[in-house]
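Asks: Below is a structure I'd like to ask you about.
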Amino acid sequence: MLDYMRSNRREVIAGLVLIALLATYLGTHPRGASTYVMTIWANQCLILGLAACAQFFAVVVRGIDLSVGAVMALTNCIASYLLDGSASGIAFGMVAVVAAGALCGLLNGVIIVFGRIQPIVVTLATASVFIGIALLLRPTPGGAVNYDLADAMTLDFLGIPTALVITAVAVVGFWLPFRRTGLGLGLYALGSSEQAAFQSGIDTRFIRLAAFTLAGLFGGLAGLFYSFVTTTGDAGIAAGFTLNSIAAVVLGGVLLRGGVGSLVGALAGAFILKTIASLMFFSGIPSLAQPLFEGLILAGAIAIGGADVLRARNKLEVYS
Amino acid sequence: MRSAITLDSLMPFFGVVVLILAGSVFFPQVLSAGYLTQQLQIAAFLGLLATGATIVILLGHIDLSVPWVLTGAAILSTALVGTGNPVLSAIAVPAALAFGALIGVINAMGVAILRIPSMVWTLAVNSMLLGLAVLNTGGFNPKGQSSPLMVAMASGDILGLPISFLVWIAISLILGYVLTRTPFGRYLRSIGFNEKATFLSGVSTPSVLFVAFAIAGMCSALGGVMLAGYANQAYQSMGDPFLLPTIAAVVIGGTSILGGRGGLFGTIGGALFITLLTSILSVMQIDDAWRNIIFGVIILAMLLFQTLRKGAVA
Numbered sequence: 000m001l002d003y004m005r006s007n008r009r010e011v012i013a014g015l016v017l018i019a020l021l022a023t024y025l026g027t028h029p030r031g032a033s034t035y036v037m038t039i040w041a042n043q044c045l046i047l048g049l050a051a052c053a054q055f056f057a058v059v060v061r062g063i064d065l066s067v068g069a070v071m072a073l074t075n076c077i078a079s080y081l082l083d084g085s086a087s088g089i090a091f092g093m094v095a096v097v098a099a100g101a102l103c104g105l106l107n108g109v110i111i112v113f114g115r116i117q118p119i120v121v122t123l124a125t126a127s128v129f130i131g132i133a134l135l136l137r138p139t140p141g142g143a144v145n146y147d148l149a150d151a152m153t154l155d156f157l158g159i160p161t162a163l164v165i166t167a168v169a170v171v172g173f174w175l176p177f178r179r180t181g182l183g184l185g186l187y188a189l190g191s192s193e194q195a196a197f198q199s200g201i202d203t204r205f206i207r208l209a210a211f212t213l214a215g216l217f218g219g220l221a222g223l224f225y226s227f228v229t230t231t232g233d234a235g236i237a238a239g240f241t242l243n244s245i246a247a248v249v250l251g252g253v254l255l256r257g258g259v260g261s262l263v264g265a266l267a268g269a270f271i272l273k274t275i276a277s278l279m280f281f282s283g284i285p286s287l288a289q290p291l292f293e294g295l296i297l298a299g300a301i302a303i304g305g306a307d308v309l310r311a312r313n314k315l316e317v318y319s
Numbered sequence: 166m167r168s169a170i171t172l173d174s175l176m177p178f179f180g181v182v183v184l185i186l187a188g189s190v191f192f193p194q195v196l197s198a199g200y201l202t203q204q205l206q207i208a209a210f211l212g213l214l215a216t217g218a219t220i221v222i223l224l225g226h227i228d229l230s231v232p233w234v235l236t237g238a239a240i241l242s243t244a245l246v247g248t249g250n251p252v253l254s255a256i257a258v259p260a261a262l263a264f265g266a267l268i269g270v271i272n273a274m275g276v277a278i279l280r281i282p283s284m285v286w287t288l289a290v291n292s293m294l295l296g297l298a299v300l301n302t303g304g305f306n307p308k309g310q311s312s313p314l315m316v317a318m319a320s321g322d323i324l325g326l327p328i329s330f331l332v333w334i335a336i337s338l339i340l341g342y343v344l345t346r347t348p349f350g351r352y353l354r355s356i357g358f359n360e361k362a363t364f365l366s367g368v369s370t371p372s373v374l375f376v377a378f379a380i381a382g383m384c385s386a387l388g389g390v391m392l393a394g395y396a397n398q399a400y401q402s403m404g405d406p407f408l409l410p411t412i413a414a415v416v417i418g419g420t421s422i423l424g425g426r427g428g429l430f431g432t433i434g435g436a437l438f439i440t441l442l443t444s445i446l447s448v449m450q451i452d453d454a455w456r457n458i459i460f461g462v463i464i465l466a467m468l469l470f471q472t473l474r475k476g477a478v479a
């Protein structure tokens, strides 16, 4: 157990911070720890959580995805057309929405791998394209999502918020098995050292393609879940989510230089970020001062994470 | 300017010529002197921001605090002028520049001392500035006005050339000289290539980072002051639409996002290209959706062309 905690130090710290924040939140909330409060909290957290998962896959291979929010906006707009009508139609629609996200990610990957352009620049440009397509679909917010389905996904399951169930499924059903596969290990190998990975016979191009496709896929899932929560399509949601997803993965202990971190950390980081925002709302801080406090807390958390550097024994360690 | 003018940095200038010729086929007025000088005037705002961004990107870092440094400088300068006090009005522009330099120093503290990735730290600084601005103005559009100096810098002209454009080019020339002819410029590039090696050769790398981020902050602040002069006021979120075009302008200008390679000459072309592209797309009355798509595709095409050309040579 101690070994586990030591080797997953970053996730453990993020988890503890999250628990402390959540306890404070539920303690200060006027309605306490009811299912209702938990459900709203979990829904908000999961939207950003899935966006952070998308960002994680790009960051772990030493990239960055500035199109996460744009993919969410696009898939959200697609969902607002497809998620209504017959049951089979809706089922097809959900698959199509996620597939559209994965396709966006694949496009990013193809340009990055075969065009040999830096991910940050590629996704900056493709984000503009994705938002353009989203605006074609929904020039103004609108559309509808089947209410029964939306309710099923965003309320609770035997008293447990469905969003938390989905989070658990994503971690236990997808991430834990996935990181043991060749692809899962390959992501870390590529992120730690591309040259070493290449020389060990890993197909680095395939891994990078897969990483960005997964990023797109999770962006699509985030867009899908966002559609369940809001039940409309809106092309204007991109900007906030992209930047917050980067902040979330960093808070969750994922290193921007690649190869370090996990999906659990990314989720925890996103939950922390959203909990802080909810906490502000009930904290009694004047509403005008809240954005400043949010910024201060974000900066403080990141600065504490960076304080590791003060412990460096040798000045050269700083420049690794 | 040994390495300043490369084929990569000439690319956006070719792009500008192509855009003007193609635009003039559909709209002859694109060739008029009035339209072209107006584009130079508007390009200066993006160009100043991109000048600061180029310096930070040459280091291998990035500055995401541009939007709210710009807005903050605009709010600060217009508020000082708005007091009506002649002394405060006179120091409005220097105060805004000092504000930009201060934020640059804060950015550099996180990046150089705490070693936080610049992409995250400048983002956090940006959100703190946003918070300060909201707290300060109550979420409404800030009160105040622009001084005659600010208006002149943004909208005046000398011998038919917009002053904003002249200011931008003058600053680019000065910084271009600094980048190519002084030790500071060499250290800047070498940090972009390999920070560890630069440190080991005895360069005080943190001080280079501090100066570079402070210059970038001042460029953003000056951009904010001129935008406030242009609009005759400051408004919330006035900087948000500039963040991504700024990075695009730098990269199209042939500066490597990884640092070390590139220069200000290409950035001038990049800023002109992006401004002209945006302008022609809106002259053609293409709706927002297609404008976004075309914008993204053209930037991708230019970048692909740059790398494919290199692939053919290597």
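In order, the protein sequences belong to chains G and U.
Read in the numbering used here, the first sequence has 58 at position 59, and its numbers run on one by one without any break.
Read in the numbering used here, the second sequence has 365 at position 200, and its numbers run on one by one without any break.
Cβ coordinates follow ideal geometry from the N, Cα and C atoms, glycine included.
1. Alpha carbon to alpha carbon, what distance is there between Tyr352/U and Thr74/G?
2. Spell out a yes or no on whether the stretch 246-266 of chain G and the stretch 178-192 of chain G are touching, meaning 3 or more CB-CB pairs, one atom from each, closer than 8 Å.
3. What residues in its chain sit with their C-beta under 8 Å from that of Arg167/U, if we drop five residues either side in the sequence?
4. Can you name the residues of chain U whose CB is closer than 7 Å to the CB of Gln117/G?
5. Distance cutoff 9 Å, beta carbons only. Does Arg354/U sit that close to anything in chain G?
6. So, using beta-carbon positions, are Ala386/U and Ala238/U closer together than 9 Å?
7. Over what stretch of residues does the alpha helix (DSSP H) that includes Pro259/U continue unbroken?
8. Using DSSP bridges, identify the partner residues of Leu250/G.
9. Cβ of Phe460/U less than 9 Å from any chain G Cβ?
10. List the residues of chain G that Leu295/U touches, going by C-beta distances under 7 Å, in chain order.
11. Classify Asp173/U: buried if its beta carbon has 16 or more other beta carbons within 10 angstroms, exposed otherwise.
12. Three-state secondary structure (DSSP) at Ile323/U?
13. Please confirm if the stretch 93-110 of chain G is in contact with the stretch 429-439 of chain U, defined as three or more CB-CB distances below 8 Å between the two stretches.
14. Thinking Arg61/G and Gly252/G are a contact (beta carbons under 8 Å), I'd like their distance in whole angstroms, please.
15. If we call anything under 9 Å between Cβ atoms a contact, is Ile240/U one with Asn291/U?
16. Let me know if Arg137/G comes out buried or exposed under the rule of 16 or more other beta-carbons within 10 Å of its beta-carbon.
17. Which residues in chain G sit within 9 Å of Thr472/U, going by Cβ to Cβ distance?
18. Rounded to the nearest angstrom, how far is the Cβ of Gln401/U from that of Ala298/U, given a contact under 8 Å?
19. Within the 9 Å Cβ cut-off, does Leu469/U reach chain G?
20. Measuring only between beta-carbons, confirm whether Leu297/G sits less than 9 Å from chain U.
21. Give a yes or no on whether 9 Å exceeds the smallest Cβ distance from Ile445/U to chain G.
22. Along the chain, where does the alpha helix (DSSP H) containing Ser87/G start, and where does it finish?
23. Find the residues of chain U that neighbour Ile12/G, judging by a C-beta separation of less than 8 Å, and give them in chain order.
24. Using a C-beta cutoff of 9 Å, does Ala302/G count as contacting chain U?
25. Between the Cα of Ala413/U and those of Pro259/U, Leu229/U and Phe192/U, spot the shortest distance and give me the residue it belongs to.
26. How long is the line joining the alpha carbons of Leu65/G and Phe210/U, rounded to whole angstroms?
27. For the stretch 431-443 of chain U, list every residue whose C-beta sits within 7 Å of some C-beta in chain G, in sequence order.
28. Helix, strand or coil for Pro29/G? Go by DSSP, reduced to three states.
29. CA-CA distance, Met403/U and Phe349/U?
30. Can you tell me whether Asp233/G is buried or exposed? The criterion is at least 16 other CB atoms within 10 Å of its CB, across all chains shown.
31. Whose C-beta lies closer than 6 Å to the C-beta of Gly275/U among residues of the same chain, with five residues either side of it excluded?
32. Evaluate the contact criterion for the stretch 46-58 of chain G versus the stretch 208-221 of chain G: three or more CB pairs, one atom per stretch, below 8 Å.
33. Roughly how many whole angstroms lie between the Cα atoms of Ala22/G and Thr34/G?
34. Run through the stretch 381-430 of chain U for me and flag every whole beta strand (DSSP E) of 3 or more residues, listed as ranges in chain order.
35. Just curious, the alpha helix (DSSP H) that Val234/U is in, first and last residue?
Replies: Straight from the coordinates:
1. The straight-line gap from Cα to Cα measures roughly 45 Å.
2. They touch, by the three-pair rule.
3. Residue placement at Arg167/U is poorly supported in this model, since its pLDDT is 47, which falls under 50; the coordinates still yield a value, given next. Answer for Arg167/U: Thr345, listed in chain order.
4. Residues of chain U passing the Cβ test: Ile422 and Leu423.
5. Not closer than 9 Å to any Cβ of chain G, the Cβ of Arg354/U fails to qualify, so no.
6. Contact flag set, yes.
7. Per DSSP, the continuous alpha helix (DSSP H) segment holding Pro259/U begins and ends at Ala257 to Ala273.
8. Bridge partners of Leu250/G: none, in fact.
9. True, the Cβ-Cβ gap to chain G drops below 9 Å.
10. Here the neighbours are Pro290 and Gly294.
11. Asp173/U comes out buried.
12. Residue state for Ile323/U is assigned as strand, using DSSP reduced to three classes.
13. These segments do not touch.
14. Taking 8 Å as the upper bound for CB-CB distance, Arg61/G and Gly252/G are not in contact here, some 16 Å apart.
15. Contact flag unset, no.
16. Arg137/G should be labelled buried.
17. Those are Gly114, Arg115 and Ile116, listed as they occur along chain G.
18. Confirmed, about 7 Å.
19. Taking Cβ atoms only, chain G reaches closer than 9 Å to Leu469/U, which makes this a yes.
20. Taking CB atoms only, Leu297/G has a neighbour in chain U less than 9 Å away.
21. No - not a single Cβ of chain G is within 9 Å of the one on Ile445/U.
22. Note, Ser87/G: alpha helix (DSSP H), Ala86 to Gly114.
23. Neighbourhood of Ile12/G in chain U, by CB distance below 8 Å: empty, with the nearest CB roughly 16 Å away.
24. Ala302/G counts as touching chain U.
25. Answer by Cα proximity: Leu229/U.
26. Cα-Cα distance, rounded: 24 Å.
27. For the stretch 431-443 of chain U, the set of residues with a beta-carbon nearer than 7 Å to any beta-carbon of chain G is empty.
28. Coil.
29. Using only the alpha carbons, I get a separation of about 32 Å.
30. Counting of Cβ neighbours within 10 angstroms places Asp233/G among the buried residues, the total reaching 16 or more.
31. Within the same chain, Gly275/U has close Cβ partners Ile281 and Trp286.
32. With the cut-off at 8 Å, the stretch 46-58 of chain G and the stretch 208-221 of chain G touch.
33. For Ala22/G and Thr34/G, the distance between alpha carbons rounds to 14 Å.
34. Inside the stretch 381-430 of chain U, DSSP marks no whole beta strand (DSSP E) run of 3 or more residues.
35. From DSSP, the alpha helix (DSSP H) with Val234/U extends over Val231 to Gly247.
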